[in-house]
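Chemist:
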Amino acid sequence: MNEHKTKSLVIVGGGSAGWMTAAYLNRLFNREQKNFDITVIESPDIGIIGVGEATVHSVRFFFAAMGLDEEELLRETNGTLKTGILFRNWMKPRGGKMHEYFHPFEQQKLGRGIDISSAWMVAGRDATERYDEGVSLSAALISKGHGPKGPNSPAYQGVVPYGYHIDATLLARFLRRKAVEAGVTHVEATITDAEVEDENIKAVMAGDRRFEGDVFIDCTGFRGLLIDKLKAGNWNSFTDALPCNKAVAIQRELMEGEAPKPYTTATALTNGWAWQIDLTNRQGTGYVYDGNRLSNDEAEAELRAFLGPQSNVLKCTHLNMKVGCREEFWIGNCIATGLAGGFIEPLESTGLHLINLAAGLMGTHLLADTPSQASRDSFNRLMRGFYQDLKQFIVLHYCLTDRDDSDFWRAAPATVRETPWLEAQLDVWRHKICEFHDLAGSFSTTFSDENYRYILYGMQHYPKLQFGLADAAEAGLFGAIKNMGEQALAATMPHDAYLKRLKN
Ligand SMILES: Cc1cc2nc3c(=O)[nH]c(=O)nc-3n(C[C@H](O)[C@H](O)[C@H](O)COP(=O)(O)OP(=O)(O)OC[C@H]3O[C@@H](n4cnc5c(N)ncnc54)[C@H](O)[C@@H]3O)c2cc1C
Numbered sequence: 119m120n121e122h123k124t125k126s127l128v129i130v131g132g133g134s135a136g137w138m139t140a141a142y143l144n145r146l147f148n149r150e151q152k153n154f155d156i157t158v159i160e161s162p163d164i165g166i167i168g169v170g171e172a173t174v175h176s177v178r179f180f181f182a183a184m185g186l187d188e189e190e191l192l193r194e195t196n197g198t199l200k201t202g203i204l205f206r207n208w209m210k211p212r213g214g215k216m217h218e219y220f221h222p223f224e225q226q227k228l229g230r231g232i233d234i235s236s237a238w239m240v241a242g243r244d245a246t247e248r249y250d251e252g253v254s255l256s257a258a259l260i261s262k263g264h265g266p267k268g269p270n271s272p273a274y275q276g277v278v279p280y281g282y283h284i285d286a287t288l289l290a291r292f293l294r295r296k297a298v299e300a301g302v303t304h305v306e307a308t309i310t311d312a313e314v315e316d317e318n319i320k321a322v323m324a325g326d327r328r329f330e331g332d333v334f335i336d337c338t339g340f341r342g343l344l345i346d347k348l349k350a351g352n353w354n355s356f357t358d359a360l361p362c363n364k365a366v367a368i369q370r371e372l373m374e375g376e377a378p379k380p381y382t383t384a385t386a387l388t389n390g391w392a393w394q395i396d397l398t399n400r401q402g403t404g405y406v407y408d409g410n411r412l413s414n415d416e417a418e419a420e421l422r423a424f425l426g427p428q429s430n431v432l433k434c435t436h437l438n439m440k441v442g443c444r445e446e447f448w449i450g451n452c453i454a455t456g457l458a459g460g461f462i463e464p465l466e467s468t469g470l471h472l473i474n475l476a477a478g479l480m481g482t483h484l485l486a487d488t489p490s491q492a493s494r495d496s497f498n499r500l501m502r503g504f505y506q507d508l509k510q511f512i513v514l515h516y517c518l519t520d521r522d523d524s525d526f527w528r529a530a531p532a533t534v535r536e537t538p539w540l541e542a543q544l545d546v547w548r549h550k551i552c553e554f555h556d557l558a559g560s561f562s563t564t565f566s567d568e569n570y571r572y573i574l575y576g577m578q579h580y581p582k583l584q585f586g587l588a589d590a591a592e593a594g595l596f597g598a599i600k601n602m603g604e605q606a607l608a609a610t611m612p613h614d615a616y617l618k619r620l621k622n
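Note that the sequence shown ends on residue 622 in my numbering; no numbers are left out.
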């Protein structure tokens, strides 16, 4: 039997990436016996980015795996529940109304001979209803202001899948407290240099303080302080496909009587789109835009006008965004994650999700006594795959637009040329339904055929299908969905009531 040796794992950076990774790995590696001494070094002078407040649904299982109490997590972060994203204004108005569609997390698998998506299409239901309203329960829930949970829903479970809206600063603080209570060491210091030997980091320095480690995790945000020390030019830019490279974020008070919504809203503006994320005490908003077409001042003015003059603004921040990812996330003994590893614009709220994916892979790849180059190659291939898949999924949201009211929107359809697989597939999806097999071999299991369909059909990219559907079959399927929607409404609470109950 090998002699047990505790290794040291040094995480530099105390934003969401640093503390999510620390809390998860500490629980995974040190619960039964101590395998890693984990230290998080966080600069007292450099703040965290302070955005990143909406999540996808699978982050629930990551928080559960950290051993966190869900209600405590929600209370401590002013959190609310999220059943999906309402997209507004991504196409020209329809019938005098703003174009809207909802992308829920939920995926109904009804239908034997014919699946529900094909049935919806061949029954011609697109003439009278939105796709998400026809095939999901979440659309029925949000139309009545309901969240995904009932009064007795167990932790991390709902009638439909859900993610969170959480205050990013409070999340980092909460995770720090939990991680430190569980044995992670917290050091306040600003790292000024790193000692590198044979493509490995031996130590990081803060003035005359020196911190050695077996493994280093770079969570220093867009700076990528450690990973950049190991290899220059280690960056794959996505700006040709995803031109939005700036954001202006505004936090505003919720207005009198305004209940937090159980979904994120993403409204297309002139040169990008605005997010609205409701917490229990305020709304986080922001405009993600193409900085080559709009100045900071113009973007801020457009966002303020969109929010309305009565908005009580608490804080306004301008941010530059580096869109793309590392060619190699793991070099020698250093792994970059969070913004240091890469960033895709937040249209589908995937920043924390990518941290979750990377931490999960660290859990499996760092278990070996001495991780080999094969381990590093595997980690890098998977992480690159996640980012590439996601890039393509985000391009899908833009390239189907018919908006022609600005140069930004007129250029949007051409972005699909930067994602050749998607370009070819869009043609295929003109003639048949988008199905699971089309995405087989992809890296991301988060956004699969169902998610693609919500965007494709939300953006009116329908296949031309020919054959008919017997009336009885149609009535059976859509009758079943309607009944399920009514049952879901009966089993869940108004979102606002759920949040009030949580406070008491
Ligand atoms: C506009 C925008 C909107 C976003 N929206 C979402 C969203 O809705 N959902 C989502 O999931 N994600 C979103 N993201 C992504 C999300 O914000 C990040 O993935 C997440 O916050 C992780 O950030 P981080 O920890 O990598 O970096 P940061 O929060 O920047 O943290 C960096 C840390 O490194 C430390 N540090 C830096 N330099 C040093 C040094 N020299 N020495 C010591 N410490 C140092 C800092 O003190 C800080 O603690 C968004 C990002 C942007 C830009």
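Cβ coordinates follow ideal geometry from the N, Cα and C atoms, glycine included.
Looking at C-alpha atoms only, which residue of L204, W208, L228 is the closest neighbour of H221?
Modeler: Nearest of L204, W208, L228 to H221, Cα basis: L204.
Chemist: Is the beta carbon of L595 less than 7 angstroms from the beta carbon of L228?
Modeler: Yes, these two residues count as a Cβ contact at 7 angstroms.
Chemist: Leaving out five residues on either side along the sequence, give the residues of the same chain with a beta carbon under 6 angstroms from the beta carbon of Q369.
Modeler: Taken in chain order, the residues that qualify are R400, G402, L432, K433.
Chemist: Within its chain, find whatever has a CB closer than 6 angstroms to the CB of N318; leave out the 5 residues flanking it on each side and keep chain order.
Modeler: Counting only Cβ-Cβ distances below 6 angstroms, and skipping sequence neighbours, we find G450, N451.
Chemist: Could you check whether the segment 340-358 touches the segment 380-394, counting it as contact only if at least three pairs of C-beta atoms, one from each stretch, sit closer than 8 angstroms?
Modeler: Verdict: no, contact absent.
Chemist: Using three-state DSSP, classify C517 as helix, strand or coil.
Modeler: Three-state DSSP puts C517 in a helix.
Chemist: Alpha carbon to alpha carbon, how far is F147 from E536?
Modeler: Cα to Cα, F147 sits roughly 40 angstroms from E536.
Chemist: Counting Cβ pairs, one atom from each stretch, are 3 or more of them under 8 angstroms apart for the segment 150-158 and the segment 120-138?
Modeler: Counting Cβ pairs under 8 angstroms, three or more are found: they touch.
Chemist: How about V366: is its Cβ closer than 6 angstroms to a heavy atom in ligand 1?
Modeler: The answer is no for V366.
Chemist: Helix, strand or coil: which one does DSSP assign to R212?
Modeler: Strand.
Chemist: Tell me whether F114 sits in a helix, a strand or coil according to DSSP, three-state version.
Modeler: Residue 114 lies beyond the residue range present for the chain, which begins at 119 and ends at 622; the question has no answer from this structure.
Chemist: Using 10 angstroms around the beta-carbon of M439, count the other beta-carbons present and answer buried if the total reaches 16, otherwise exposed.
Modeler: Answer is buried; the Cβ neighbour count reaches 16.
Chemist: Since F147 is in the alpha helix (DSSP H), which residue starts that stretch and which ends it?
Modeler: Start and end: 134-148.
Chemist: Helix, strand or coil for D396 per DSSP?
Modeler: The answer is strand: DSSP assigns D396 an E or B state.
Chemist: Would DSSP call G456 helix, strand or coil?
Modeler: Reduced to three states, the DSSP call for G456 is helix.
Chemist: Can you tell me the Cβ-Cβ gap for P279 and E224, rounded? I've got them flagged as a contact below 8 angstroms.
Modeler: The Cβ separation is near 6 angstroms, so the contact holds.
Chemist: So within the segment 360-435, which uninterrupted beta strand (DSSP E) runs reach at least 3 residues, ignoring any that extend past its ends?
Modeler: Entirely contained in the segment 360-435, the beta strand (DSSP E) runs reaching 3 residues are, in chain order, 364-371, 382-386, 390-396, 400-407.
Chemist: Using a 10 Å radius around the Cβ and a threshold of 16 neighbouring Cβ atoms, would you call L485 buried or exposed?
Modeler: Counting Cβ neighbours within 10 Å, L485 comes out exposed, since fewer than 16 surround it.
Chemist: Using a Cβ-Cβ cut-off of 8 angstroms (strictly less than) and excluding sequence neighbours within five positions of V406, which residues of its own chain qualify?
Modeler: Correct list, in chain order: C362, K364, A365, G390, W391, A392, W393, M439, E463, P464, L465.
Chemist: Can you check the segment 303-363 for any alpha helix (DSSP H) of at least 4 residues that lies completely inside it and give the ranges in chain order?
Modeler: The segment 303-363 contains these whole alpha helix (DSSP H) runs: 345-348.
Chemist: Report all residues from its chain with a CB closer than 7 angstroms to the CB of G409; omit the five preceding and five following residues, and keep chain order.
Modeler: Excluding residues within five positions, the ones whose Cβ falls inside 7 angstroms are N363, K364.
Chemist: If you draw a straight line from the C-alpha of A593 to the C-alpha of S236, how long is it?
Modeler: So the alpha carbons of these two residues sit roughly 14 angstroms apart.
Chemist: When the distance is taken between beta carbons, is F561 closer than 7 angstroms to G503?
Modeler: In this structure, F561 lies closer than 7 angstroms to G503 by Cβ.
Chemist: Could you tell me if the beta carbon of G170 falls within a distance shorter than 6 angstroms of some heavy atom in ligand 1?
Modeler: Result yes, Cβ under 6 angstroms from ligand 1.
Chemist: Apart from the five residues just before and just after F356, which ones in its own chain have a Cβ nearer than 6 angstroms to its Cβ?
Modeler: Excluding positions up to five away in sequence, the list reads V441, G442, K509.
Chemist: When you measure from the CB of R341 to every non-hydrogen atom of ligand 1, does any distance come out below 6 angstroms?
Modeler: R341 Cβ: within cutoff of ligand 1.
Chemist: Looking at E306 and ligand 1, is the gap between the Cβ and the nearest heavy atom below 6 angstroms?
Modeler: No - ligand 1 has no heavy atom lying nearer than 6 angstroms to the Cβ of E306.
Chemist: Would you say the beta carbon of P464 comes nearer than 6 angstroms to a heavy atom of ligand 1?
Modeler: Correct: P464 has its Cβ closer than 6 angstroms to ligand 1.
Chemist: Looking at the unbroken alpha helix (DSSP H) that takes in E592, where does it start and where does it end?
Modeler: E592 -> alpha helix (DSSP H) spans 589-609.
Chemist: I believe E445 touches W353 by the beta-carbon criterion, under 8 angstroms. Please report the beta-carbon distance rounded to the nearest angstrom.
Modeler: Yes, E445 and W353 are in contact; Cβ-Cβ is about 7 angstroms, under 8 angstroms.
Chemist: Can you have a look at M577 and say buried or exposed, based on whether 16 or more other CB atoms are within 10 angstroms of its CB?
Modeler: It is buried - the Cβ of M577 has at least 16 other Cβ atoms within 10 Å.
Chemist: Once DSSP output is grouped into helix, strand and coil, what is the label at K125?
Modeler: The answer is strand: DSSP assigns K125 an E or B state.
Chemist: Using the three-state DSSP reduction, which class does F179 fall into: helix, strand or coil?
Modeler: Note: F179 maps to helix in three-state DSSP.
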